[in-house]
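Numbered as in the UniProt record's numbering, the sequence shown ends at 1001 without a single skipped number.
Here the structure comes first, spelled out in C-alpha cells, and everything after it is commentary.
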Amino acid sequence: MLTSLATLIILPFAGSLVAALLPTNSRNMEAFLSGMIALICVVQVALFFPDVSSGTVLRQEILWIPSLGINLTFRMDGFTWLFAMLIFGIGALVTLYARYYMSPQDPVARFFSFFLAFMGAMSGVVLSGNLIQLVLFWELTSLFSFLLIGYWYHRRDARNGARMALTVTGLGGFCLLAGVLILGQIVGSFDMDTVLAAGNIIRKHPLYTPMLVLILLGAFTKSAQFPFQFWLPRAMAAPTPVSAYLHSATMVKAGIYLMARLWPVLSGTDEWFWLVAGTGAFTLLLGGYAATFQNDLKGLLAYSTISHLGLITLLLGLNSNMAAVAAVFHTINHAIFKASLFMAAGIIDHETGTRDMRKLNGLIKAMPITGALSLVASAAMAGVPLLNGFLSKEMFFAETAYLDASPWLSWGMPLIATVASVFSVAYSLRFTVDVFFGPAPMGLPHEPHEPTRWMRVPIEFLVCLCLIIGIAPSLSIGPVLATAAAPVVGGTLPAYSLAIWHGFNVPLTMSLVAMAGGIYFYLILHRQIKLGVFAGVPLIGWVNGQRLFTRLLASLTYMGKQMTLMLSTKRLQAQIALMLFVVLAAGLSPLWINGEGLRLTLGEREQQPFSFVFAMLWVVGVSCALGAAWQAKFHRLASLAMLGMTGLVTCLTFVWFSAPDLALTQLTVEVVTTILILLGLRWLPKQVADPDHMSNIFVRARRTRDLIVSLLVGACVTVLAFAMMTHSSSDPLAANFFLQHALPEGGGTNVVNVMLVDFRGFDTMGEIVVLGIVALTVYALLRRFRPAKESTYIPAQQSTAPADISSDVENPAQAKDTALGYLMVPAVLVRLVLPIATVVSVYFLLRGHNEPGGGFIGGLIFAAAFIMQYMIAGTQWVEARMKLYPQQLISLGILLALLTGLGAIAVGYPFLTTHAPHFHIPLIGDIHVPSAMFFDIGVYLLVIGATILILTALSHQSVRGRRARETEVEERLARDAESTDSKLVPDSMLATPDSELKETA
1 MLTSLATLII LPFAGSLVAA LLPTNSRNME AFLSGMIALI CVVQVALFFP DVSSGTVLRQ
61 EILWIPSLGI NLTFRMDGFT WLFAMLIFGI GALVTLYARY YMSPQDPVAR FFSFFLAFMG
121 AMSGVVLSGN LIQLVLFWEL TSLFSFLLIG YWYHRRDARN GARMALTVTG LGGFCLLAGV
181 LILGQIVGSF DMDTVLAAGN IIRKHPLYTP MLVLILLGAF TKSAQFPFQF WLPRAMAAPT
241 PVSAYLHSAT MVKAGIYLMA RLWPVLSGTD EWFWLVAGTG AFTLLLGGYA ATFQNDLKGL
301 LAYSTISHLG LITLLLGLNS NMAAVAAVFH TINHAIFKAS LFMAAGIIDH ETGTRDMRKL
361 NGLIKAMPIT GALSLVASAA MAGVPLLNGF LSKEMFFAET AYLDASPWLS WGMPLIATVA
421 SVFSVAYSLR FTVDVFFGPA PMGLPHEPHE PTRWMRVPIE FLVCLCLIIG IAPSLSIGPV
481 LATAAAPVVG GTLPAYSLAI WHGFNVPLTM SLVAMAGGIY FYLILHRQIK LGVFAGVPLI
541 GWVNGQRLFT RLLASLTYMG KQMTLMLSTK RLQAQIALML FVVLAAGLSP LWINGEGLRL
601 TLGEREQQPF SFVFAMLWVV GVSCALGAAW QAKFHRLASL AMLGMTGLVT CLTFVWFSAP
661 DLALTQLTVE VVTTILILLG LRWLPKQVAD PDHMSNIFVR ARRTRDLIVS LLVGACVTVL
721 AFAMMTHSSS DPLAANFFLQ HALPEGGGTN VVNVMLVDFR GFDTMGEIVV LGIVALTVYA
781 LLRRFRPAKE STYIPAQQST APADISSDVE NPAQAKDTAL GYLMVPAVLV RLVLPIATVV
841 SVYFLLRGHN EPGGGFIGGL IFAAAFIMQY MIAGTQWVEA RMKLYPQQLI SLGILLALLT
901 GLGAIAVGYP FLTTHAPHFH IPLIGDIHVP SAMFFDIGVY LLVIGATILI LTALSHQSVR
961 GRRARETEVE ERLARDAEST DSKLVPDSML ATPDSELKET A
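Below, the structure is given as C-alpha cells:
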C-alpha cells in the first residue's frame, strides 16, 4: 500500500484530517506533519522515475462501480511524474516557508488542513486514469483553493477574491464535465489510456468542435486565460505561501496540465490552433503589459503569472511537437522561479510591513541575501542567459520565428513573442531595481531586516535550481524533460538541443532586442510610475473582467429574484401542492401507453379475505388523518395527537402484513417525532379563528384545491400499492432480486437491512448525511430564534430557570432536579429505564443484519429513552450529568460509515459492499463479523446525535425563554421596589447620613 499510486492521494487527505484535529497554535507540529507527508510523497514519486523514464505507464485500479465500467483508476507516466514532483516538492518547500511566515495568532491548524487537502486534490487531478475521476478532483481543487484564498475571512478582499475564484473556476468545471461526457461518448470509454489512443476518431467526429470548446473553457478558467484572467490577481488576498503554491505548481497549472495531457488527441486542427494559440497570445501580451504598471509586489507577480501561462498556452496551440516540448520545459522553469519570487515577496512584506513598491526602495543594504536571491530569480523570469528561464524562452522564440504559416502569422508571432519579452524584462526590473536599489526607505511600518535562516532556505534551494539548470541543462534537466515531454507528443520526441550557445541566430537576436527594449521601456516608465502618473493600467483600463463579472452576477441575481417572484410563493401550501402535482404527473406518465389511457396491470395473487377488524382499524386511521388536517391550524395539540394515532395505525398495518422492520421503524419514529414536534409547538404564534376570513371565496377555493390534490395523490398511491401487492413472488419484480441475493451476496437474512447497508448503501449514506445536515440546520436556526412574547410567558413564582444556559450548564453542582413532587415516581422509573433501553437499543443494533432491527431502530430507541430524561428531570439536570456531544456523534457516524465503504475497497470489493470474515474463538466457536455492522453502528451514532441535537436546541430554547421572562419579572419587581422606597422616604432625608437615618427610623 505504501508504494501504490493511491497512497499519493490518500496521505495528503489523511494528513488534512489529522491537521484539523491538532491544536490551533501548534505551528511546529502542523508544519512537521505537512512537511513529512510532502517529503514522503516526493521520495515515493522519485522512486518511480526509473520505470516512467523507460516509457512504462504505471496503473492501479480499484473497483468502484464495475457494472457501469467506472472504477477508481490511478495512472502515472512521465508527464504525470513531472507534475507530481512539482506538487509535492514545491509543497514541501512552501510548508517550511509557511512555518515561519504564518503568525502565532493565525489558526495554523486550519491553514495546514486546507493546504494538505488541496495538495491531495491536485495530486488526484494529475494521477487520475479516468476522465470522470479527473473532473471530480478538478472541482475539489476549486473548493480547497476557495478555502485557502479566503483563509483570512475577516478581510473583505479575501472573501471577495475567494468567491470570485470559486465562481469562475467552478463554472469552468461544469463546462469541463460536459466536454468530458461528450469525449467519453465519442471514444466509448472514459479511461485515459483508451482516450489517448483515439486521436483520429476524436478529431474526425462531428462533435469535436463543441467538445473542444467545453474542455478549453474548463482549462482557460482554471489557468486564468483571457477573458477569465481577472480572478487571479484578486486571489492575492490569500497568504503568500498559498499564492506561491497556487501560482507555481498547482491550481493555475491544472489547466496547462489538462491541455498538455489531451494534446495528442485534441491538437493538430485549425480549431485547436486558433482557439488555443489565439487565447494564449492575447493573454501573454495582456498579462505582461498589465504587470509592468502594478505597484503591489504580489500584483506584479500575479499578472506576470498570467503572462507566462499565456506563453505556455500559445506554445501548446502551435500544433508542433517541438513547441509542446518547449511548453513542458517552460512549465518546469516557471514553477521554479515563480515560487521563489512569491516567497521573496512574502519575506519583503513580512519584514517591512508593506508590499507597495512606491514605498520600498534601497532594501539591498538591510536585506542583502534576500535581495541577491530575488535578483537571480527575477533574471530567470526575464530570460537572462545562464539561467533556466533563458533556455525555454529561446525555444519559444525559435518556435515562433520558424513557424510555418501564412505570411502575417510568420512575422506576427515573432513580434508578439518579442514584445511580450520586453514586458517581461521591464517588470522583472521593477521587481528588483525599484525595491532593492536607491535611497534607504523611509516611514516603513517595520524596520527592514533579513528573515530567520530557515525562512530563506526554500528560496535558496529554488534559486540554486535556476542556476544549475541554466548552466548545465543537459545534465540537470535533460532526462527529466525527455521523460515528461515524451507522453505529451505521443511517445516520439523531436530532435532538440539544450545547449546554452547555438550561435548567432534569430532567437538570440530576438532575446537581445527584448532585453534592450525591456531596459529602455523600464527607464522611460520608471519616473512616471514612481510619481504616480499612471493611476492604473493605461490604454487597456476598459478591459476589466472584474467589472463584467460583477455586472453579470448582478444581472443574474436580479433575474433570479424576478423568476422567484413569478414562479414561487412564500405560502407553504402552494409549494407543496405544486410538488404533489409534479409527483403525480411523474408517477402517472409511465402508465400512459400510446396515448390510449391509463393502464395498470393487476397481479394474479390470491387476495386476503376481508377483515372487519382491519377495516375498522383503517376507518380510525383515516378519521384521525382527516381530523389532524382539519385541526392543524387552530388546535395543534389535538391535531398532533390524531397524527400520532394515524402513525400507530400505519405501524399496525405493517405488523398485519408481516413487516416487523417497518413496524419497528414506524413506531420509534412516531414516538420521537411526536415528542419533538410537541416541544416545538409552543413556539408557534397563536392563531385565532376569523369567521369573515373563513367565508372568503378564495380561501374556500384554496382549501377545495388542497383537498382534491390530497385525494388524487392518496388514491393514486393506494391503487399503485394495491397493484404491487397483488403480484406473487414469482412475478419478475425487483423485490425478487433482493430476496434471492440477500443471504448469498449480502450475508444476512434480514432482506430490508441488507438492502439498506449493501445493495442500496449509497442511498442510506445520502440519507444519513441529509439527516445530519437537517439536525445541524435546526440547531443553527434555533440558536438565533427568539420566540414571540406570548409563547414565553411564565409566572415568576413558577420559574425554575437555571443561572445561564447559553450553551451547556456552566455549574453542574447547582443544577436543579425538576423531578419533584408528583414527578418523583416517573423520574425514578425513567432513570431505571435508561440503562435497560440502552441494552435494548444495542440488541436491536447488533441483530439487525439477520433479524428485525438495525442501527436506525436502535438509535431511535436510545434517543427516545434519553428524551424521557429531558422531559422528567429537565434540561439543566440532565446535561449536568450526561454529556453526549451530539455534533461529535454526527461526525463520527458519517466518518464510520465512510470508512466502512473505503474498507470494502481496501480488500478488493466495490464501495460499501458487505463482506463477512469468519473467525474461530476458543470456547465460543465460529463467528462472522459482517462489515455492514460497522456501517450500521455509524447510522446508530448519527441517529442518536441528530435526535439529541434537535432536542438540545428545543430544550435550550425553552430555558432561554423562561430565563428571559424571569429576568424581565425581576427587573420589574426591582423597579417597583425602588419606586416604593423612594416614596416612603422624605426628600429631606435622602441627604441624611446613615447613622442619623438609622436613629430617625
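The C-beta atom is built at its ideal place from N, Cα and C for all residues, glycine as well.
Just so we're clear, the structure is a prediction, and the values are computed from it rather than from any experiment.
{"Check": "I need the straight-line Cα distance from ALA499 to PRO473, nearest angstrom please.", "Outcome": "7 Å"}
{"Check": "Can you tell me the Cα-Cα spacing of ALA46 and TRP81, whole angstroms?", "Outcome": "8 Å"}
{"Check": "Quick check: what's the CA-CA separation for ALA742 versus ARG760?", "Outcome": "12 Å"}
{"Check": "Using the C-alpha atoms, what's the distance from PHE722 back to GLU606?", "Outcome": "12 Å"}
{"Check": "Take every Cβ of the segment 377-386, pair it with every Cβ of the segment 249-256, and state whether three or more of those distances are shorter than 8 Å.", "Outcome": "no"}
{"Check": "Going by the DSSP bridge assignment, what does ASN130 pair with across the sheet?", "Outcome": "ASP191"}
{"Check": "Could you pull out every residue in the same chain whose Cβ sits closer than 6 Å to the Cβ of ILE944, ignoring the five residues on either side in sequence?", "Outcome": "GLY859, PHE862, ALA863, LEU889"}
{"Check": "May I have the straight-line CA-CA distance separating GLY299 from MET236, to the nearest angstrom?", "Outcome": "7 Å"}
{"Check": "With a cut-off of 8 Å on the beta carbons, I'd call GLY129 and ASP191 a contact; round off their distance for me.", "Outcome": "7 Å"}
{"Check": "Relative to the C-alpha of PHE114, which candidate in PRO826, THR718, ILE90, SER142 has its C-alpha closest?", "Outcome": "SER142"}
{"Check": "CA-CA distance, LEU781 and LEU679?", "Outcome": "15 Å"}
{"Check": "Looking at C-alpha atoms only, which residue of PRO206, LYS253, TYR402 is the closest neighbour of ASN319?", "Outcome": "TYR402"}
{"Check": "Among GLU271, TYR208, LYS204, LEU301, which residue has its Cα nearest to the Cα of ALA244?", "Outcome": "LEU301"}
{"Check": "Suppose the cutoff is 8 Å on Cβ atoms and the five residues either side in sequence are ignored; what does the same chain contact list for VAL325 look like?", "Outcome": "MET395, LEU481, ALA485, VAL488, VAL489, LEU493, PRO494, TYR496"}
{"Check": "In the DSSP assignment, the beta strand (DSSP E) including ILE857 goes from what residue to what residue?", "Outcome": "Careful: ILE857 lies outside any beta strand (DSSP E), inside the alpha helix (DSSP H) at 855-873."}
{"Check": "Comparing alpha-carbon positions, which option in THR674, PRO852, LEU823 lies nearest VAL754?", "Outcome": "PRO852"}
{"Check": "Which word fits PRO264, buried or exposed, when buried means at least 16 other C-beta atoms lie within 10 angstroms of its C-beta?", "Outcome": "buried"}
{"Check": "Answer yes or no: the CB of VAL943 versus the heavy atoms of the ligand GDP, is any distance below 6 Å?", "Outcome": "By its list of ligands, the structure shown contains no ligand whatsoever, and the ligand GDP lies outside what it can speak to."}
{"Check": "Exposed or buried, what is MET824 when buried is set at 16 or more other beta-carbons lying within 10 Å of its beta-carbon?", "Outcome": "exposed"}
{"Check": "Ignore the nearest five residues each way along the sequence and tell me which others in MET29's own chain have a CB closer than 8 Å to its CB.", "Outcome": "LEU22, PRO23"}
{"Check": "Whose C-alpha, out of VAL669, VAL939, TYR97, GLY766, is nearest the C-alpha of ALA865?", "Outcome": "VAL669"}
{"Check": "Nearest-angstrom Cα distance between PRO993 and ALA974?", "Outcome": "Legend: pLDDT at PRO993 = 43, less than 50; position of this residue unreliable, value from coordinates given subsequently. Distance between the alpha carbons of PRO993 and ALA974 is about 24 Å."}
{"Check": "Would SER392 and HIS330 qualify as a contact pair, given that the criterion is a beta-carbon distance under 7 Å?", "Outcome": "yes"}
{"Check": "THR56: buried (16+ other C-beta within 10 angstroms of its C-beta) or exposed?", "Outcome": "exposed"}
{"Check": "In this structure, how does DSSP classify ASP270 when only helix, strand and coil are distinguished?", "Outcome": "helix"}
{"Check": "Rounded to whole angstroms, what is the Cα-Cα separation between GLN60 and VAL18?", "Outcome": "26 Å"}
{"Check": "Leaving out five residues before and five after GLU399 in sequence, what residues of the same chain have Cβ atoms less than 8 Å from its Cβ?", "Outcome": "LEU315, LEU318, SER320, MET322, ALA323, ALA326"}
{"Check": "Keeping to the same chain, check which residues put their C-beta closer than 7 Å to that of LEU11; ignore five residues upstream and five downstream.", "Outcome": "ILE37, ILE40, CYS41"}
{"Check": "If you count every other CB in all the chains shown that lies within 10 Å of the CB of HIS502, and 16 or more means buried, which is it?", "Outcome": "exposed"}
{"Check": "Once you ignore the five residues that flank ALA14 on each side, which residues in its own chain have a CB closer than 6 Å to its CB?", "Outcome": "none"}
{"Check": "Take PHE935 as the anchor and find which of GLY893, GLU450, VAL655 has the nearest alpha-carbon.", "Outcome": "GLY893"}
{"Check": "Looking at LEU462: is its Cβ nearer than 7 Å to the Cβ of ALA345?", "Outcome": "no"}
{"Check": "Taking the beta strand (DSSP E) that ASP926 falls in, what are its first and last residues?", "Outcome": "925-928"}
{"Check": "Within its chain, find whatever has a CB closer than 6 Å to the CB of LEU258; leave out the 5 residues flanking it on each side and keep chain order.", "Outcome": "ALA219"}
{"Check": "Measure the beta-carbon distance from TYR909 to LEU63 and round it to whole angstroms, keeping in mind my assumption that it falls under 8 Å.", "Outcome": "7 Å"}
{"Check": "Our contact map puts TRP426 next to GLY518 with C-beta atoms below 8 Å; I'd like the distance itself, whole angstroms only.", "Outcome": "For clarity, residue 426 is Ala in the given sequence; the question names Trp instead. So it is a contact: roughly 5 Å between Cβ atoms."}
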